[in-house]
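Read the structure below first, then the notes.
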Amino acid sequence: MAAGGGIDPIHQFHIAPIVELKPFGIDLSFTNSTLWMVIVLAVVSAIMIYGSSQRSVVPGRLQSLAEMAYEFVASTMTGVMGKDGLKFFPFVFSLFMFVLASNLLGLIPGSFTVTSQIIVTAALALLVICIVVIYGVVKHGSHFFGLFVPSGVPGWLLPFMVLIEAVSFLSRPVSLSLRLFGNMLAGHIALKVFGGFVVALLGSGAVLSYAIAPLPLLLAVALTALEVLVAVLQAYVFAILTCVYLNDALHPGH
Amino acid sequence: MDPVAAKFIGAGLASLGMGLAAIGVGTIFGNFLSGALRNPSAADGQFPRAFIGAALAEGLGIFAFVVALVLLFVV
Chain A
1 MAAGGGIDPI
11 HQFHIAPIVE
21 LKPFGIDLSF
31 TNSTLWMVIV
41 LAVVSAIMIY
51 GSSQRSVVPG
61 RLQSLAEMAY
71 EFVASTMTGV
81 MGKDGLKFFP
91 FVFSLFMFVL
101 ASNLLGLIPG
111 SFTVTSQIIV
121 TAALALLVIC
131 IVVIYGVVKH
141 GSHFFGLFVP
151 SGVPGWLLPF
161 MVLIEAVSFL
171 SRPVSLSLRL
181 FGNMLAGHIA
191 LKVFGGFVVA
201 LLGSGAVLSY
211 AIAPLPLLLA
221 VALTALEVLV
231 AVLQAYVFAI
241 LTCVYLNDAL
251 HPGH
Chain B
1001 MDPVAAKFIG
1011 AGLASLGMGL
1021 AAIGVGTIFG
1031 NFLSGALRNP
1041 SAADGQFPRA
1051 FIGAALAEGL
1061 GIFAFVVALV
1071 LLFVV
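These protein sequences, in sequence, are chains A and B. Under the working numbering, the residue at position 18 of the first sequence is numbered 18, and the numbers go up by one with no gaps. The number in the working numbering is simply the position in the second sequence, starting from 1, with 1000 added.
Structure follows, in structure tokens:
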């Protein structure tokens, strides 16, 4: 599928092994995806550890960055779940910082976007849903399944409502993972397609095409700005939907 | 019909869903803004809800996008 002058917009998502590791026929290679996950982890750890090591009353740049991230996630969590939701703070904060850092680092030209791989986002979403189900069942027992029985529904309608609620619950991990994956994929493909237009126009050799080649370049710059917004927004959406789902496990029953 | 042509037509039809999801997201933020301008003091508290609604509406558009991509690059 050569779009934009023979440049393959999908090629940037190609996973290439850096160190081949195949013990017992299981592929455990250290790939470029692994490398960028390690980089994301290192960046987040460096910001949080170094930012919280000073502990000055008047925070410096890095400390205010760490404090702002903390305050932002904590206020979002108390807004959705209330005070007792803060016991999930380490989990939601790690998710938010990982998704945010991998979205933003993926925007660096030539880098690899970890969250544009559906296996990564699906694993994160499954982790969220497993924690919701396990915590809900352990904490509330069969009361947790009251989640599927909305109150104030006439009896004849109840089976259908339970079915609809169950399907909507089961589709949560799918939509949670596909939303992040799709947004990242769409943005990076669009950037690559517009970059490909520039190359195709410059390569065609006609005088007119040299004149209009800057237009897709400007659009690519504008799209990059939009992608920064989308990267932050999707990390926020992922975190807040995690809070909403965890709230169902904390306070089930309508 | 030529199967390759049918594939591209299908991908084009699937991308209509993204435009429809855009209508949904626009409705949510438009109504949020009109409510927020009437009562600005209550706007901050409803900000996360607006984003949850927009994310849920946008997710369906993303499904359509994934269908288009699967048609283009996988099938």
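C-beta atoms are modelled at their ideal positions from N, C-alpha and C, and glycine is treated no differently.
Report task. Would you be able to state if there are at least three C-beta pairs under 8 Å between the segment 138-152 of chain A and the segment 192-208 of chain A? Result -> no
Query raised in the report: Using a C-beta cutoff of 8 Å, does L191(A) count as contacting chain B?
Result: Residue 191(A) sits at position 191 when you count from the first residue of the first sequence. Chain B, which has no Cβ nearer than 8 Å to the Cβ of L191(A), makes this no.
Requested in this report: Step through the CB atoms of chain B and report whether any lies within less than 8 Å of the CB of T115(A).
Outcome: Locating residue 115(A) in the first sequence gives position 115, where the first residue counts as 1. T115(A) does not count as touching chain B.
Query raised in the report: Does the beta-carbon of W36(A) have 16 or more other beta-carbons within 10 angstroms, so that it is buried, or is it exposed?
Result: Taking the first sequence and counting its residues from 1, one reaches residue 36(A) at position 36. So W36(A) ends up on the buried side.
Query - Exposure label - E1058(B); buried when at least 16 CB within 10 Å - result: Here the question's residue 1058(B) lines up with position 58 in the second sequence. E1058(B) comes out buried.
Query raised in the report: Taking C-beta to C-beta, are V40(A) and S102(A) nearer than 8 Å?
Result: As a first step, residue 40(A) must be located in the first sequence, where it is residue number 40. As a first step, residue 102(A) must be located in the first sequence, where it is residue number 102. Yes, they are a contact pair.
Query - Neighbourhood of F1029(B) by C-beta distance below 8 Å, restricted to the same chain and skipping five residues each side - result: Here the question's residue 1029(B) lines up with position 29 in the second sequence. The residues are A1050 and A1054.
Report task. Going by DSSP, name the residue or residues bridged to F30(A). Result -> One-based indexing of the first sequence puts residue 30(A) at position 30. Partner(s): V19(A).
**Report entry** Whole-Å CB distance - A1068(B) paired with A1021(B), under 8 Å assumed
**Finding:** For this step, residue 1068(B) is matched to residue 68 along the second sequence. For this step, residue 1021(B) is matched to residue 21 along the second sequence. With a Cβ gap of about 12 Å, A1068(B) and A1021(B) do not count as contacting.
Query raised in the report: In the segment 46-73 of chain A, which residue ranges form an unbroken beta strand (DSSP E) of at least 3 residues, counting only runs that do not cross its ends?
Result: none
Query raised in the report: DSSP three-state call for Q234(A): helix, strand or coil?
Result: Position 234 of the first sequence, counted from the first residue, corresponds to residue 234(A). Looking at Q234(A) - three-state DSSP - the assignment turns out to be helix.
Query raised in the report: Taking only runs of the alpha helix (DSSP H) that begin and end inside the segment 180-220 of chain A, which ones reach a length of at least 4 residues, in chain order?
Result: 207-212
Query - Between the CA atoms of L180(A) and P159(A) - distance to the nearest angstrom - result: On the first sequence, residue 159(A) is found 159 positions in, with the first residue counted as 1. On the first sequence, residue 180(A) is found 180 positions in, with the first residue counted as 1. Each residue's Cα considered, the two are about 32 Å apart.
Query raised in the report: Do the segment 44-55 of chain A and the segment 111-126 of chain A meet, that is, are 3 or more Cβ pairs less than 8 Å apart?
Result: no
Query raised in the report: A186(A) versus chain B: which residues are under 7 Å apart at the beta carbon?
Result: As a working note, residue 186(A) is residue 186 in the first sequence. Within 7 Å Cβ-Cβ: F1065.
Requested in this report: State yes or no: is the C-beta of A1021(B) nearer than 7 Å to some heavy atom of the ligand COA?
Outcome: This structure simply doesn't include the ligand COA, nor any ligand for that matter.
Report task. Could you say which of L100(A), M68(A), V58(A) and M81(A) lies nearest to D248(A) if we only look at CA atoms? Result -> Sequence index remark: in the first sequence, residue 248(A) carries index 248 (1-based). When each option's Cα is compared against that of D248(A), the closest is M81(A).
Report task. Measuring only between beta-carbons, confirm whether T76(A) sits less than 8 Å from chain B. Result -> Here residue 76(A) is taken as the residue at index 76 of the first sequence, counted from 1. Interface residue, yes.
Query raised in the report: Helix or strand or just coil, what does DSSP make of V1074(B)?
Result: Translated into the one-based positions of the second sequence, residue 1074(B) becomes position 74. V1074(B): helix per DSSP, three-state reduction.
Query raised in the report: Which whole-angstrom value is the C-beta distance of A66(A) and G51(A), which I expect to be below 8 Å?
Result: Working through the first sequence from its first residue, we reach residue 66(A) at position 66. Working through the first sequence from its first residue, we reach residue 51(A) at position 51. Right, the Cβ-Cβ distance comes to about 3 Å (below 8 Å), so this counts as a contact.
Report task. Using 10 angstroms around the beta-carbon of L170(A), count the other beta-carbons present and answer buried if the total reaches 16, otherwise exposed. Result -> Counting from 1 along the first sequence, the entry for residue 170(A) is found at position 170. Its Cβ having fewer than 16 others within 10 Å, L170(A) is exposed.
Query raised in the report: Taking just the CA atoms, how far does G196(A) sit from D8(A)?
Result: One-based indexing of the first sequence puts residue 8(A) at position 8. One-based indexing of the first sequence puts residue 196(A) at position 196. Taking the straight line from one Cα to the other gives about 9 Å.
Query raised in the report: Buried or exposed: where does M77(A) fall if 16 or more other Cβ atoms within 10 Å of its Cβ makes it buried?
Result: In the first sequence, counting from the first residue as 1, residue 77(A) sits at position 77. Classification of M77(A): buried, given that the 10 Å Cβ count is 16 or more.
**Report entry** V133(A) versus A213(A): straight-line alpha-carbon distance, rounded
**Finding:** The residue given as residue 133(A) occupies position 133 in the first sequence. The residue given as residue 213(A) occupies position 213 in the first sequence. The alpha-carbon atoms of V133(A) and A213(A) are separated by roughly 53 Å.
Query - V57(A) burial status per 10 Å Cβ neighbour count (16 or more: buried) - result: Along the first sequence, read from residue 1 onward, the residue named residue 57(A) stands at position 57. That one is exposed.
Query raised in the report: Taking Cβ positions only, does I1023(B) come closer than 8 Å to chain A?
Result: Along the second sequence, one-based indexing puts residue 1023(B) at 23. With 8 Å as the cut-off, I1023(B) does not count as an interface residue toward chain A.
Query raised in the report: Going along the chain, which residues of the segment 44-77 of chain A sit with their C-beta nearer than 7 Å to a C-beta in chain B?
Result: T76
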